[in-house]
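Have a look at the structure below, then the notes.
2 protein chains.
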Amino acid sequence: MLTALLFSMAVTPSSSTADLILDAAERRAQSVGFNGFSYADIADELKVTTATIHYHFSAKSDLGADLLHRYAQRFREALADIIRREHSSVTQLRAYARLYEDVLSEGRLCLCGILAAEYETLPAQMREQIVAFFASNEAWLANVLQAGRERGELRFAGETRDHAMAIICGLEGALLVARAYGGVTRFRVAAEIVLSGAAPAVA
Amino acid sequence: MLTALLFSMAVTPSSSTADLILDAAERRAQSVGFNGFSYADIADELKVTTATIHYHFSAKSDLGADLLHRYAQRFREALADIIRREHSSVTQLRAYARLYEDVLSEGRLCLCGILAAEYETLPAQMREQIVAFFASNEAWLANVLQAGRERGELRFAGETRDHAMAIICGLEGALLVARAYGGVTRFRVAAEIVLSGAAPAVA
DNA sequence: TCGCACTTATCTACTAGTAAGTGAGTCGCA
DNA sequence: TGCGACTCACTTACTAGTAGATAAGTGCGA
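Taken in sequence, the protein lines are chains A and B.
When the letters of the first sequence are read in order and numbered with my numbering, they come out as residues 1 to 203.
When the letters of the second sequence are read in order and numbered with my numbering, they come out as residues 204 to 406.
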C-alpha cells in the first residue's frame, strides 16, 4: 500500500493503490482517451513503477474493463440519486444534463463518449461495456420521458426510446464539440436545446 | 508514382501517391482516429515503405494538417452543392444530415468528430483546423436556419446560431453513439429528432 | 545528367508486458 | 512467546515489438 498505516485514520480517506491507479487512469482516459495514456504516465504520476500497475491490472484491457465497470456503477448511482432528489421529469432531465456539464467543466468528456470514438481499437469486453452503458442510459431516460409524458409535464411525438437516444446523442456530441469549440457555456446552450427539442415543455 | 503512366488514361482517374496516402490515412482516421493508425499501417496497405510516406509528409502532423485541409475543402464543396441542389431549408437540412449518414454507412465517423475526441493529443495546427470546421458548419447551418425561419419553412425560438450548434452536436453525437450502439437505422431516427427539435416544422 | 520518387537500413524513444527478487507483515503451530 | 512458512505489495531489470523519423543511396524518365 502506498498510503501507510500512519495515514489510515487521517481525514483524507485512504485509497488503495489499485483505486489510485483507476483514478489516474480515469482522468486521463476522459481527457486523452484510452489509447492516449500509457502505464508509464500513470506510474510517473503515482511515483510507482509500471510493474506496480501490472501487479494490480495485469493487462491494460483489464484496467480498461475495471475502469468502465466502476464508471458505470457510479453513473447508475448518480441516476438513482436524481430520481430520489428530483420529482419532476423536467428537473430530472436538467439534472441528467448537469452530470455531463460537470464533467466538461473539469475539461473532461464522458468516459463512454470518448471511448466510443476509440471503439474500433478497443478489446471486446470494453466494447460490450460501452454499449451496455448507452443502453442503460437510454432505458433510464426513456422511463423519465415516459413518466413525464403521462404526467403531462412533457410533450413529444413518437417513440419514447427514440427521444431518449436523441438526448444521449445530443449531450455526448455537445461534450465532444464544446470541449474543442466554445466551452461550458456553449455546452449549456446546446444541452438546453437538446432537452427542449425532445421535450418541448422543458423550454 | 505508384500508378504508372499506363493507367493515366484509364477509367479510374490516376491518383498521385500523396493522394493515395491521404485517402488511406483518411479512411483509417475516420475509423480508429489519428493516433489509431501508424505510418506502417498505410505503408502496408499501399505496398510502399514508411520512408515513402515521410517523403511526402515529413511529419505525421503534416499529414494530419493536409488531411484536415482536404476534408474541410470537400465538406465546403458538399455544402455549396446542397444549396445549389435543394431549395427549401427543410430539404437542405435533410441533405446535411445525409452527409453524416453516408459516412456512418461506411463504418466511419466525421473526421472532425473523431479528432475532437483526440483533441488534447493533437498538434496546435490540427486543433485550429477542427475548430474552424465546426465554426464554418455552424455558420452554414445558421444561414439555412435563418433563411428557413424568414421564409416560414422553419419555426424555432431563440438564437439561430445556438440551434445550428445544437444540430452539429446532435449529429456528431449520433454518429459516435450509433456506430457502437444501433447502427445506421438508429442514427437516422436520432437525426430526425435532432432536426425536428431545432426546427419543428421539419417533423 | 539531373532530379524526382522511392528504398534500404537504421535510429531513438516508447509501448505493454514479464521474470525474479525483496522487505514487511501475518499466520499457524510448538 | 517465538519461529518458520507464507503472502502481499511492490521494485529492479529486462524483453520483444512498434512508433515516428532520418541519412544515404538507387533507378528511371525527362
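Every residue, glycine too, gets a C-beta built ideally from N, C-alpha and C.
Quantities reported herein were computed from a predicted structural model and do not represent experimental measurements.
From the options, residue whose alpha carbon lies closest to that of residue i
| i | options | result |
| --- | --- | --- |
| A:GLU153 | A:SER89, A:ALA191, A:ALA116, A:GLN30 | A:SER89 |
| A:ILE114 | A:THR160, A:PHE57, A:ASP44, A:SER31 | A:SER31 |
| A:GLU159 | A:LEU171, A:ALA142, A:ARG151, A:GLU172 | A:ALA142 |
| A:VAL103 | A:PHE34, A:GLU26, A:GLN146, A:GLY36 | A:GLU26 |
| A:ALA178 | B:ALA268, B:ALA335, B:LEU266 | B:ALA335 |
| B:LEU379 | A:CYS110, A:ALA43, A:ARG149, A:PHE75 | A:CYS110 |
| A:CYS112 | A:SER58, A:ASP41, A:LEU46, A:ASN137 | A:ASN137 |
| A:LEU195 | A:GLU172, A:GLY183, A:GLY182 | A:GLU172 |
| B:THR255 | B:GLU280, B:ASP269, B:PHE240, B:ALA221 | B:ALA221 |
| A:PRO123 | A:HIS56, A:ASP66, A:ALA78 | A:ASP66 |
| B:ARG297 | B:GLY351, B:HIS259, B:ARG231 | B:GLY351 |
| A:ALA164 | B:ASP265, B:ALA338, B:LYS250, B:GLY400 | B:GLY400 |
| A:GLU77 | A:TYR55, A:TRP140, A:GLY170 | A:TRP140 |
| A:PHE57 | A:VAL48, A:ILE21, A:CYS169 | A:ILE21 |
| B:PHE278 | B:GLU248, B:ALA338, B:THR388 | B:ALA338 |
Chain-order list of residues whose beta-carbon lies under 6 Å from that of residue i (same chain, five-residue window excluded)
| i | result |
| --- | --- |
| A:HIS92 | The sequence given here has Gln at residue 92 of chain A, not His. Answer for A:GLN92: ILE82, GLU86, VAL144, listed in chain order. |
| A:ALA199 | Here A:ALA199 scores only 47 on pLDDT, less than 50, and its place in the model should not be relied on; the value that follows carries that caveat. Cβ neighbours of A:ALA199 beyond the five flanking positions: LEU154, PHE156. |
| A:ALA174 | PHE187, ALA190, ALA191 |
| B:ILE396 | none |
| A:ARG108 | GLN30, SER31 |
| B:ALA320 | none |
| B:GLN328 | ALA268 |
Beta carbon proximity, residue i to chain A, threshold 9 Å
| i | result |
| --- | --- |
| B:TYR258 | no |
| B:LEU407 | This structure leaves residue 407 of chain B out entirely; chain B is present only between 204 and 406. |
| B:ARG389 | yes |
| B:HIS272 | no |
| B:ASN346 | no |
| B:LEU397 | Per the sequence presented here, residue 397 of chain B reads as Val, with Leu not at that position. Closer than 9 Å to some Cβ of chain A, the Cβ of B:VAL397 qualifies, so yes. |
| B:GLU362 | yes |
| B:LEU296 | no |
| B:HIS290 | no |
| B:GLY267 | no |
Per-residue burial, residue i [other beta carbons within 10 Å of its own, 16 or more giving buried]
| i | result |
| --- | --- |
| A:HIS69 | exposed |
| B:TYR383 | What sits at residue 383 of chain B in the sequence shown is Ala, not Tyr. Buried, because 16 or more other Cβ atoms sit within 10 Å of the Cβ of B:ALA383. |
| B:GLN276 | exposed |
| B:GLU309 | exposed |
| A:TYR100 | buried |
| B:ARG287 | exposed |
| A:PRO13 | Its pLDDT being 45, under 50, A:PRO13 is placed unreliably by the model, and the measurement read from it follows with that caveat. Answer is exposed; the Cβ neighbour count stays below 16. |
| B:ARG354 | exposed |
| A:GLY64 | buried |
| A:ASP162 | buried |
| A:ALA97 | buried |
| A:SER38 | exposed |
| A:ALA166 | buried |
| B:GLY386 | exposed |
| A:TYR71 | buried |
Cutoff 9 Å: residue i Cβ touching any chain B Cβ
| i | result |
| --- | --- |
| A:ALA203 | Any answer about A:ALA203 is weak, because its pLDDT of 36 lies below 50 and its placement is not dependable; what the coordinates show is given next. Judged by the 9 Å Cβ criterion, A:ALA203 is in contact with chain B. |
| A:TYR96 | no |
| A:SER38 | no |
| A:PHE134 | yes |
| A:LEU171 | yes |
| A:SER31 | yes |
| A:ILE168 | yes |
| A:ASP162 | yes |
Close-in-space but distant-in-sequence residues of the same chain around residue i (CB under 7 Å, 5 per side omitted)
| i | result |
| --- | --- |
| A:THR121 | ASN35 |
| A:ARG119 | It should be noted that the sequence gives Tyr, not Arg, for residue 119 of chain A. Counting only Cβ-Cβ distances below 7 Å, and skipping sequence neighbours, we find ARG127, ILE130. |
| B:LYS250 | none |
| A:LEU79 | TRP140 |
Residues near residue i in its chain [Cβ-Cβ closer than 8 Å; skip 5 each side]
| i | result |
| --- | --- |
| A:GLN146 | THR160 |
| B:ARG231 | GLY239, PHE240, ASP244, ILE245 |
| A:GLY33 | ILE114, LEU115, ALA117, GLU118 |
Anticipated Cβ contact below 8 Å, residue i with residue j, distance rounded
| i | j | result |
| --- | --- | --- |
| B:THR253 | B:ALA262 | Incorrect: roughly 12 Å between the Cβ atoms, too far for contact. |
Cβ-heavy atom distance, residue i to the ligand SAH, below 8 Å
| i | result |
| --- | --- |
| A:ARG155 | Within the structure as shown, the ligand SAH is missing, as the structure has no ligands at all. |
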